[in-house]
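Residue numbers (the working numbering), protein chains in the order written: chain S, 44 to 163; chain Z, 44 to 163.
The beta carbon of each residue, even a glycine, is placed where N, CA and C say it ideally should be.
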């Protein structure tokens, strides 16, 4: 559907990657590194977000449910409604670990941690 | 799920883009240009495939249902079970037109043309 601002909800993956992620206060805290797709269905499994500079955890990447990222078209950024403390304690790992065994383990952990209902 | 070959079904969008697309005979006929995602749900709307060199139609891109692309890990390519004639007559346009109005029109046309059941 079209959002109130008229922004389209159809988004090219190429434009998603590299987009800034902000906290609710508007501070840039990271960026979208990649999006993990399920080849066997039409499901987006999760977004892979890097908070490296913000959290100082080096190579760790956060699997975050796609629907937990709220696009703010005026800022060209995704806003997550989580505090720094919540993100620091969230599931994170190398990307190869995130997608190991079809990404099932980290998808489950991520949805549970952020309290997003599972859609699969 | 894991496929018989052990290939994971969790795929990073960055690795999808640029991947070769082949016809059933194994001939390279194009590549994945992008993947269009729905921001309001977890749905992959469609893949955007370029058959430019094969079909000689310049800047036109084909919206193809994600599940109609069969990944062949041994070839690192996606195989489409359509003939050249089917693809030449398939819905195609510039990418900006494909995603206009949330991509609804071209998603519908694509699913109908390729005979894939709608999931939305």
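Buried/exposed call for residue 77 of chain Z, threshold 16 Cβ in 10 Å: buried
Nearest-angstrom Cα separation, counted from residue 139 of chain S out to residue 160 of chain S: 24 angstroms
Separation of residue 60 of chain Z from residue 90 of chain S, as counted between CA atoms: 16 angstroms
Minimum C-alpha distance to residue 104 of chain S - residue among S/150, S/53, S/158, S/52: S/150
Endpoints, beta strand (DSSP E) assigned at residue 114 of chain Z: 113 to 115
Continuous alpha helix (DSSP H) stretch holding residue 152 of chain Z: start and end: 147 to 157
Endpoints, alpha helix (DSSP H) assigned at residue 71 of chain S: Where residue 71 of chain S is concerned, there is no enclosing alpha helix (DSSP H), although the beta strand (DSSP E) it sits in stretches over 71 to 81.
Contacts around residue 81 of chain Z, its chain only, beta-carbon distance under 7 angstroms, and the 5 residues preceding and following it disregarded: 88
Residue 92 of chain Z (DSSP reduced to helix, strand or coil): strand
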